[in-house]
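Participant: One line per chain: the protein sequences are Y and H, in this order.
Note that my numbering has the first sequence beginning at 34, numbered continuously upward.
Note that my numbering has the second sequence beginning at 7, numbered continuously upward.
Just so it is clear, CB atoms sit at the ideal spot from N, CA and C, and this is done for glycine as well.
Treat the numbers as computed from the prediction; the structure is a model and nothing was measured.
The structure under discussion is supplied below as structure tokens; questions concerning it will follow.
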Amino acid sequence: MGEWTSEIWRCREILYFLAWRDVKVRYKQAALGVAWAVLQPLFTMTVFTFFFGRLAGIPSEGVPYPLFSYSALVLWTYFSVTLSQVGNSLVSNSSLITKIYFPRVLLPAAAAFGGLLDLVVSSAFLVGMLLYYHVTPRWTVLLTPIFVGQSVLLVMGVGMLLAALNVRYRDVKYTIPFLIQIGLFVTPIIYPVSFLPQRFQGWLALNPMTGVIQGFRTCLFGGRVDWEIIACSWVVTLALLLVGGLHFRSTERVFADIV
Amino acid sequence: MTESITVEGLSKRYEIGALRQETQLRDQLVHLLRAPFRRRAPKEAIWALRDVTFNVQQGEVVGIIGRNGAGKSTLLKILSKITYPTSGRVRAHGRVAALLEVGAGFHEELTGRENIFLNGSIMGMKKKEVDAKFDAIVEFSGVERFIDTPIKRYSSGMRSRLGFAVAAHLDPDVLVVDEVLAVGDAAFQKKCINAMHELRGGGRTVLFVSHNMAAVENLCSRGIWIANGSVRLDGPTHSVIEAYMASFSSSTGAARELGAADARRGGGEIRYTRVEFLSGDGKSQSVIRAGKSVVIRLHYRANEPIERPNFGISIVSELGTVVTHTTTWLHGLDIPLVPTGEGHVDLEIDSLNLLPGRYLVSLLLNSCLSQHTYDLLENPVHLDVEEAPIYGSTRHIDSRYGLVFFPQRWRLEGIGSRTVIDLSSAAHG
Numbered sequence: 034m035g036e037w038t039s040e041i042w043r044c045r046e047i048l049y050f051l052a053w054r055d056v057k058v059r060y061k062q063a064a065l066g067v068a069w070a071v072l073q074p075l076f077t078m079t080v081f082t083f084f085f086g087r088l089a090g091i092p093s094e095g096v097p098y099p100l101f102s103y104s105a106l107v108l109w110t111y112f113s114v115t116l117s118q119v120g121n122s123l124v125s126n127s128s129l130i131t132k133i134y135f136p137r138v139l140l141p142a143a144a145a146f147g148g149l150l151d152l153v154v155s156s157a158f159l160v161g162m163l164l165y166y167h168v169t170p171r172w173t174v175l176l177t178p179i180f181v182g183q184s185v186l187l188v189m190g191v192g193m194l195l196a197a198l199n200v201r202y203r204d205v206k207y208t209i210p211f212l213i214q215i216g217l218f219v220t221p222i223i224y225p226v227s228f229l230p231q232r233f234q235g236w237l238a239l240n241p242m243t244g245v246i247q248g249f250r251t252c253l254f255g256g257r258v259d260w261e262i263i264a265c266s267w268v269v270t271l272a273l274l275l276v277g278g279l280h281f282r283s284t285e286r287v288f289a290d291i292v
Numbered sequence: 007m008t009e010s011i012t013v014e015g016l017s018k019r020y021e022i023g024a025l026r027q028e029t030q031l032r033d034q035l036v037h038l039l040r041a042p043f044r045r046r047a048p049k050e051a052i053w054a055l056r057d058v059t060f061n062v063q064q065g066e067v068v069g070i071i072g073r074n075g076a077g078k079s080t081l082l083k084i085l086s087k088i089t090y091p092t093s094g095r096v097r098a099h100g101r102v103a104a105l106l107e108v109g110a111g112f113h114e115e116l117t118g119r120e121n122i123f124l125n126g127s128i129m130g131m132k133k134k135e136v137d138a139k140f141d142a143i144v145e146f147s148g149v150e151r152f153i154d155t156p157i158k159r160y161s162s163g164m165r166s167r168l169g170f171a172v173a174a175h176l177d178p179d180v181l182v183v184d185e186v187l188a189v190g191d192a193a194f195q196k197k198c199i200n201a202m203h204e205l206r207g208g209g210r211t212v213l214f215v216s217h218n219m220a221a222v223e224n225l226c227s228r229g230i231w232i233a234n235g236s237v238r239l240d241g242p243t244h245s246v247i248e249a250y251m252a253s254f255s256s257s258t259g260a261a262r263e264l265g266a267a268d269a270r271r272g273g274g275e276i277r278y279t280r281v282e283f284l285s286g287d288g289k290s291q292s293v294i295r296a297g298k299s300v301v302i303r304l305h306y307r308a309n310e311p312i313e314r315p316n317f318g319i320s321i322v323s324e325l326g327t328v329v330t331h332t333t334t335w336l337h338g339l340d341i342p343l344v345p346t347g348e349g350h351v352d353l354e355i356d357s358l359n360l361l362p363g364r365y366l367v368s369l370l371l372n373s374c375l376s377q378h379t380y381d382l383l384e385n386p387v388h389l390d391v392e393e394a395p396i397y398g399s400t401r402h403i404d405s406r407y408g409l410v411f412f413p414q415r416w417r418l419e420g421i422g423s424r425t426v427i428d429l430s431s432a433a434h435g
């Protein structure tokens, strides 16, 4: 493992260039360009606010519903968009894998880091929304990078596992959108954790994105810190990172042969 | 001299089953449901490489030759760490740069400039290095005017030139090259060859895989012939190439039996039975290198004594142009009698001055005494002529340049300029 990490460190410039390529290519020939990073969560928020906030009357813990859902969508959009890119990163770069040697893990990593630019842009819009709703962020806003970092780790853990499986089983390609769709409902994006009956809350905590979003919102809007959910989420995140990393490591030697 | 590459007992097995059946989870699940406790039947496997061992000294330029599917590409992929051996090991000293495909890793949407940085980085250059060499790379590639154009608008030639330009500036200790000289125009090929010569002069180790025997012969000091995944022969380039070419012959395959030829006319008192192409050392060949000597042996069977026959042969291009027609009668030979039974006549050609390509051979047997034809076969056999450095250069010289070539030289003294570079002598020296 030590040799692996030192090689990755040596090749960090490749990581930078691959991420730069992904970012550069993403909005080429798109008239609205990087504005899409805001438009996607913004439209989703509008729809959610109308159906869930207004019509269904789902509570939002004292925060205006648009702000409540957008703050979660910033991270969820990063997670879902990036996860599908990370999951397909090996297959879509098969011409690189079969022609040039470099540490394979740089491909999923580049996709995970490349997605952060969109996150920065959509977060900037979140700051605008906080001002609009006269929500004064408390000092804990400085802790939000912890949860952003956790979502990067989570994307990498799940993504490495899916990417490596995808090389052999193309079924994964069809599984990812499905997983993301389910994830949208079993993560407290539309509703707060407290909206669920007590006995389901434990199950929800097993989804690591629950802790990420819950923690992120707490940093922004204050409220009771649910340490249990956060701890549970970190345990699951680190476990997934370990499983994903080990599986990736044990299969990367055959990528070029079967991709 | 220090060892640059050490290859020990290298084997690589590909499981065919893994590629064909299991790429869908469903198959595994179905298997699991049907027979949960039975182990899977062993998969069909092929050995792309089997127990390959060799060393390369620093500064050596080694050509790797062999037929398609012999394992050359697998060997290069293992040397460049793209894939891993099933057993055995490889040690390479210093930076290894592999050029398995020119411009691998280019992104269509990015400009030439952006791709130089991306490709250079993936191939192992630091950003500082790319910055320093950027102008040289652009100049080498000759695409200055389009450097800020997305490469999806490049021609394939421009793309290849840019790719090789990046690779030529990698400054590796070991360069592994697969068939890249096959791309680009003549001027660019010259640049590539010069670049590889500079590498050789600079003490770099080069492993070069090509089907272009002329290029291998001129560039490499040593040849390794891979056949069926193993090293068949390892030695001086020239002798390895000769042995490789000779392998195309075989006792049965090279001699063409004519018994069942359809387009046969004539009385049949005497018939051709088969045709053989023999190399200088008397071995039967199926492919002949351009410019080499060859003996065309025509076997016949006479069903009765034949008085004053005329043996003839035509070599015809694939499009039907008669390249040459020659007979014993045209040579003024008079054969009083051919007795009943089998025999053969030989046509010796000192230098087969045909350009590479496929030719058809027609055979004629008639009488000098009358208009009677005994046997006439139109194009029953073909003659494959293989590329060779006929002008002493590494250029691809093939059927585009005509059908035949003559012993020849260009004289350039009349130009009165010192800037003329003779690449062929540079290549040999």
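Would you call Glu204/H buried or exposed, if buried means 16 or more other Cβ atoms sit within 10 Å of its Cβ?
Facilitator: Exposed, by the Cβ-count rule.
Participant: If the cut-off is 7 angstroms on Cβ atoms, which residues from the segment 125–150 of chain Y count as contacting chain H, listed in chain order?
Facilitator: Here the close residues are Ser128, Leu129, Thr131, Lys132, Ile133, Tyr134, Phe135.
Participant: What's the gap between the Cα of Lys139/H and the Cα of His175/H?
Facilitator: Their Cα atoms are separated by approximately 7 angstroms.
Participant: Which residues, in order along the segment 235–268 of chain Y, keep a beta-carbon less than 7 angstroms from a beta-carbon of chain H?
Facilitator: If the cut-off is 7 angstroms between Cβ atoms, the segment 235–268 of chain Y has nothing near chain H.
Participant: Are the CB atoms of Val301/H and Glu223/H nearer to each other than 8 angstroms?
Facilitator: No, the pair does not count as a contact, with Cβ atoms beyond the cut-off.
Participant: Which chain Y residues are close to His402/H, counting only those with a beta carbon under 8 angstroms from its beta carbon?
Facilitator: In chain order: nothing, as chain Y lies at least about 23 angstroms away.
Participant: Expressed to the nearest angstrom, what Euclidean distance is found between the alpha-carbon atoms of Gly338/H and Cys374/H?
Facilitator: C-alpha separation (whole angstroms): 11 angstroms.
Participant: Using DSSP with H/G/I as helix, E/B as strand and the rest coil, what is Leu176/H?
Facilitator: Leu176/H: coil per DSSP, three-state reduction.
Participant: Starting from Leu253/Y, follow the alpha helix (DSSP H) in both directions and report where the run begins and ends.
Facilitator: Where Leu253/Y is concerned, the enclosing alpha helix (DSSP H) stretches over 241–254.
Participant: Note down, in chain order, each residue of its chain lying with its Cβ closer than 7 angstroms to the Cβ of Tyr111/Y, except the 5 sequence neighbours on either side.
Facilitator: So the qualifying residues of the chain are Gly148, Asp151, Leu152, Ser184.
Participant: Can you tell me whether Glu46/Y is buried or exposed? The criterion is at least 16 other CB atoms within 10 Å of its CB, across all chains shown.
Facilitator: Glu46/Y is buried by the Cβ-count criterion.
Participant: Whether or not the segment 180–197 of chain Y and the segment 115–135 of chain Y are in contact is what I'm after, with contact meaning three or more pairs of Cβ atoms, one per stretch, closer than 8 angstroms; do they touch?
Facilitator: Touching, yes.
Participant: Could you tell me whether any Cβ in chain Y is nearer than 8 angstroms to the Cβ of Ser127/H?
Facilitator: So yes, Ser127/H belongs to the interface.
Participant: Any beta carbon from chain Y within less than 8 angstroms of Ala174/H's own beta carbon?
Facilitator: Chain Y contact via Cβ: absent.
Participant: Taking Cβ-Cβ distances shorter than 9 angstroms, what residues in chain H pair up with Ile209/Y?
Facilitator: Neighbours of Ile209/Y on chain H: none; closest Cβ ~14 angstroms, over 9 angstroms.
Participant: Against chain Y, does His113/H count as a neighbour if the rule is that its beta carbon must be under 8 angstroms from one of theirs?
Facilitator: Yes, its Cβ sits closer than 8 angstroms to a Cβ of chain Y.
Participant: What three-state label does DSSP hand His378/H in the structure shown?
Facilitator: Three-state DSSP puts His378/H in coil, outside helix and strand.
Participant: Per DSSP, Gln62/Y is paired with what?
Facilitator: Answer is none; Gln62/Y lacks a bridge partner.
Participant: If I follow the unbroken alpha helix (DSSP H) through Tyr111/Y, where does it start and stop?
Facilitator: That run of the alpha helix (DSSP H) goes 98–120.
Participant: Could you list the residues in the segment 202–227 of chain Y with a C-beta less than 8 angstroms from some C-beta on chain H, going in chain order?
Facilitator: Those residues of the segment 202–227 of chain Y that come within reach of chain H (Cβ to Cβ, closer than 8 angstroms) are Tyr202, Arg203, Asp204.
Participant: Looking at the C-beta of Ile88/H, does it have a partner C-beta in chain Y at a distance below 8 angstroms?
Facilitator: It does: the Cβ of Ile88/H has a partner Cβ on chain Y nearer than 8 angstroms.
Participant: Answer with yes or no whether the minimum CB distance from Lys133/H to chain Y is below 8 angstroms.
Facilitator: Yes, contact with chain Y.
Participant: Which residues, taken in chain order from the segment 53–86 of chain Y, show a beta carbon closer than 7 angstroms to some beta carbon of chain H?
Facilitator: Within the segment 53–86 of chain Y, the residues whose Cβ lies closer than 7 angstroms to some Cβ of chain H are Arg54, Lys57, Val58, Lys61, listed in chain order.
Participant: Nearest-angstrom Cα distance between Val391/H and Glu282/H?
Facilitator: Approximately 14 angstroms, taken between the alpha carbons.
Participant: Going by C-alpha to C-alpha distance, which of Ile222/Y, Leu65/Y, Trp69/Y sits closest to Leu108/Y?
Facilitator: Of the listed residues, the one whose Cα sits closest to Leu108/Y is Ile222/Y.
Participant: Does Phe281/Y pass the burial test, meaning 16 or more other C-beta atoms within 10 Å, or should it be called exposed?
Facilitator: With 16 or more other Cβ atoms within 10 Å, it is buried.
Participant: Residues of chain H with CB under 8 angstroms from Arg286/Y, in chain order?
Facilitator: Here the neighbours are Thr89, Tyr90.
Participant: Given that Phe123/H touches chain Y, what residues does it touch there, using C-beta distances under 9 angstroms?
Facilitator: Per Cβ cutoff of 9 angstroms: Phe50, Trp53.
Participant: For Leu229/Y, which three-state DSSP category applies?
Facilitator: Coil.
Participant: Whose C-beta lies closer than 6 angstroms to the C-beta of Asp352/H among residues of the same chain, with five residues either side of it excluded?
Facilitator: Excluding residues within five positions, the ones whose Cβ falls inside 6 angstroms are Val301, Arg303.
Participant: Would Ala197/Y pass as an interface residue toward chain H - the criterion being a Cβ-Cβ separation below 8 angstroms?
Facilitator: It does not; no Cβ of chain H falls within 8 angstroms.
Participant: With which residues is Pro311/H paired in a DSSP beta bridge?
Facilitator: Its beta-bridge partners do not exist; DSSP assigns none.
Participant: Contact between the segment 264–272 of chain Y and the segment 232–247 of chain Y is defined here as three or more beta-carbon pairs at a separation below 8 angstroms; is this criterion met?
Facilitator: Contact holds: three or more Cβ-Cβ distances are below 8 angstroms.
Participant: Quick one: residues in its chain with C-beta nearer than 6 angstroms to the C-beta of Leu16/H, no 5 flanking neighbours on either side, listed in chain order?
Facilitator: If we look at Leu16/H and ignore the five residues flanking it on each side, its Cβ neighbours are Leu55, Val58, Pro91, Gly94.
Participant: In the DSSP assignment, find the alpha helix (DSSP H) that holds Ser161/H and state where it starts and stops.
Facilitator: Neither: Ser161/H is in no alpha helix (DSSP H) and is coded neither H nor E.
Participant: Can you give the Cα-Cα distance for Arg103/H and Tyr407/H, rounded to whole angstroms?
Facilitator: Residue identity differs from the one stated: residue 103/H is Ala in this sequence, not Arg. For Ala103/H and Tyr407/H, the distance between alpha carbons rounds to 35 angstroms.
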